[in-house]
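In what follows, a single structure is set out as structure tokens and then discussed.
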Amino acid sequence: MATLKPGSMLVGSTRPEELKAWYIKALAPEFTGDGPIDLGGFHLVVCERDDIDAKNDQPGRSIVNFHVDDFDAVEAQLSAAGAEWISIEDREPGKFGTFSDPDGNYLQIIQWK
Numbered sequence: 001m002a003t004l005k006p007g008s009m010l011v012g013s014t015r016p017e018e019l020k021a022w023y024i025k026a027l028a029p030e031f032t033g034d035g036p037i038d039l040g041g042f043h044l045v046v047c048e049r050d051d052i053d054a055k056n057d058q059p060g061r062s063i064v065n066f067h068v069d070d071f072d073a074v075e076a077q078l079s080a081a082g083a084e085w086i087s088i089e090d091r092e093p094g095k096f097g098t099f100s101d102p103d104g105n106y107l108q109i110i111q112w113k
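Take the sequence shown: its position 47, counting from 1, is numbered 47 in UniProt numbering, and each next residue is one higher.
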């Protein structure tokens with residue numbers, strides 16, 4: 001059996017253009033063009049969905065993690081983009097920061113020790 005390698009993630013929204021603009025500002029400020037947002041070979045697709053609410057009422061159900069080398073610099077970048085911080089914690093394996101996008105979906109940055 002083959003191990004599957006993730007290639008992209010779809011984030012549904014009732015306001016996809018606004019959410020896509022936020023993701024570009026927060027995660028990929030150098031991104032230009034149309035289509036999926038390239039996050040270093042992993043693609044983020046933001047599209048309109050009519051089968052969801054405007055806000056995610058279960059944001060902890062799945063969380064996308066970003067491994068970073070400089071937690072403080074990435075925290076500042078995300079804060080400047082308007083990320084809403086849920087928690088920032090020093091744990092045994094590293095420093096974890098959980099934040100949400102404008103639709104209430106949770107994401108994390110992690111700097112491993």
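The C-beta atom is built at its ideal place from N, Cα and C for all residues, glycine as well.
Counting pairs of beta carbons, one from the segment 19 to 26 and one from the segment 97 to 108, are three or more of them closer than 8 Å?
-> Contact check between the segment 19 to 26 and the segment 97 to 108: three or more CB pairs, one atom from each, fall below 8 Å, which counts as touching.
Pick from Asp72, Ser8, Glu17 and Val68: whose alpha carbon is nearest that of Gly41?
-> Ser8
Kindly indicate which three-state DSSP category Glu92 falls into: helix, strand or coil?
-> coil
Residue of Gly33, Gly12, Gln108 and Asp34 minimising C-alpha distance to Arg49 = For the set Gly33, Gly12, Gln108 and Asp34, the Cα lying nearest the Cα of Arg49 is the one of Gly12.
Please name the residue, chosen from Gly94, Leu4 and Glu18, that lies closest to Val68 on a Cα-to-Cα basis.
-> Gly94
How many whole angstroms separate the CB atoms of Ala26 and Ala81, which I take to be in contact at a CB cut-off of 8 Å?
-> 4 Å
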